[in-house]
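Worksheet: the structure to be examined is printed underneath.
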Amino acid sequence: MNNFLVPIDFSETSRNAARYAAYISTLVPDAHLILYNVFDSLEYGSDSSPLATDEEEDAGRKAIMELALESVRTEISPITSARITLVAEESHRFLDTLEKYVNNNNIQLIVMGITGATRLGQIFMGSNTLNLIKRGTVPVIIVPPHAHSESAKNVMLLTDFQDIENTIPLQTVKSVLDMFKPRLHIVNVDHEHYVQVTEEYKTERAKLEGLLKDYSPEFYFIRLFDFMDAINQFVVDNKIDLILTFPRKHSFLSNIFKTTNTTQLAYHSYVPIVAIHA
0 MNNFLVPIDF SETSRNAARY AAYISTLVPD AHLILYNVFD SLEYGSDSSP
50 LATDEEEDAG RKAIMELALE SVRTEISPIT SARITLVAEE SHRFLDTLEK
100 YVNNNNIQLI VMGITGATRL GQIFMGSNTL NLIKRGTVPV IIVPPHAHSE
150 SAKNVMLLTD FQDIENTIPL QTVKSVLDMF KPRLHIVNVD HEHYVQVTEE
200 YKTERAKLEG LLKDYSPEFY FIRLFDFMDA INQFVVDNKI DLILTFPRKH
250 SFLSNIFKTT NTTQLAYHSY VPIVAIHA
């Protein structure tokens, strides 16, 4: 069973992530979608101190959340024949609660939007997505607000070809590739030698080619000084459906998620990003 967890805050962004998860579930045998909501049952007084609530009130809130999740299931059910499970959990610690669920329920992928329903929600959802990636429990597919891809035929793997045996989590990468069976495009993003191909680069490329030989990888070289434009153009030219990256080792990931720059890839790309913790 391939279990995909989709955190839902009922924003359009999270609904879009659910739709995307439904589409990719059609590509994966035995896919199972879990629509997951964490709600805070606490009520607060005028001084912002938490007020006590009883079990009946908590049960009522959970029922409301489950009913709202049902509306999302109704929306995406025509897309996929995969089983769709609804889970609503009470907690004021979103990431800890989600991580515990992931660890206890054999989750293979988390599919998550990057922004929420309101400006505050954008900060909250974006922050949670990035913090979830940092924890590195399982791969996280980040679905940009306007992503509409329905396939995973072409996957781009970004790497700087530096110490690839220790910076690329090979088994996790293989699990994602085995899941979707795409055409694999490996793109070098080294910022130091630009157009010069060094001996170190050749050595690391040969290693990676050997490690991923079962996937017949194709290799490309991109200059970093115009990284965003180059990546976006590569995505278009090669019909890329997913971008694989490793946030611990790639400084560019922090640039991708700068909300102050509206041209950044994660917020304006039509291509979801698979973040795999190295």
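For the sequence shown, numbering that gives the first Met the number 0 begins at 0 and goes up steadily by one.
The C-beta atom is built at its ideal place from N, Cα and C for all residues, glycine as well.
On the DSSP letters alone, give me the boundaries of the alpha helix (DSSP H) that residue i sits inside.
i	result
Ile23	11-24
Glu198	198-210
Thr166	163-166
Asn102	93-103
Met178	169-179
Just the Cα atoms here: how many angstroms apart are residue i and residue j?
i	j	result
Asn130	Ala62	28 Å
Ala116	Asn15	Legend: pLDDT at Ala116 = 44, less than 50; position of this residue unreliable, no value from coordinates given.
Tyr214	Lys206	14 Å
His249	Gly59	Low confidence applies here, because His249 scores a pLDDT of 45, under 50, leaving its location unreliable and the question unanswered by this model.
Pro168	Ile185	15 Å
Pro6	Ile272	16 Å
Asp162	Ala151	27 Å
Asn2	Thr166	26 Å
Ser174	Arg92	29 Å
Phe245	Ala274	6 Å
Phe160	His145	31 Å
Thr171	Thr136	11 Å
Thr12	Gly112	6 Å
Ile33	Glu198	46 Å
Asp228	Ile221	10 Å
Ile138	Tyr35	The sequence shown places Pro at residue 138, rather than the Ile named in the question. Near 16 Å, if we compare the C-alpha coordinates of Tyr35 and Pro138.
Met64	Glu74	16 Å
Lys133	Asn127	10 Å
Arg72	Val110	15 Å
Met178	Leu68	26 Å
Gly297	Tyr100	An answer regarding residue 297 cannot be provided, because it is not within the stretch 0 to 277 covered by the chain.
Glu89	Arg204	47 Å
Ser148	Ala30	18 Å
Leu108	Lys201	32 Å
Leu4	Glu217	31 Å
Met0	Asp8	25 Å
Asn164	Lys238	Checking the sequence, you will find Glu at residue 164 rather than Asn. Glu164 and Lys238: Cα-Cα distance of roughly 28 Å.
What does residue i pair with, by DSSP beta-bridge criteria?
i	result
Pro6	Tyr35
Thr136	Partner(s): none; Thr136 has no beta bridge.
Phe218	Ile185
Ile275	Answer is none; Ile275 lacks a bridge partner.
Ile63	None; Ile63 has no bridge partner.
Asn1	Ala30
Ile141	Met111, Ile272
For the beta strand (DSSP E) containing residue i, name the first residue and the last one.
i	result
Glu89	82-89
Thr244	241-244
Asn153	153-158
Val110	106-112
Using 8 Å as the cut-off, can you tell me whether the region 75-84 makes contact with the region 21-30, which would need three or more C-beta pairs spanning the two stretches below that distance? With the rule of 3 Cβ pairs closer than 8 Å, the region 75-84 counts as touching the region 21-30.
Does the region 234-243 come close enough to the region 153-161 that 3 or more CB-CB pairs lie under 8 Å? Using a Cβ-Cβ distance cut-off of 8 Å, the region 153-161 and the region 234-243 are in contact, since at least three pairs of beta carbons, one from each stretch, lie closer than that value.
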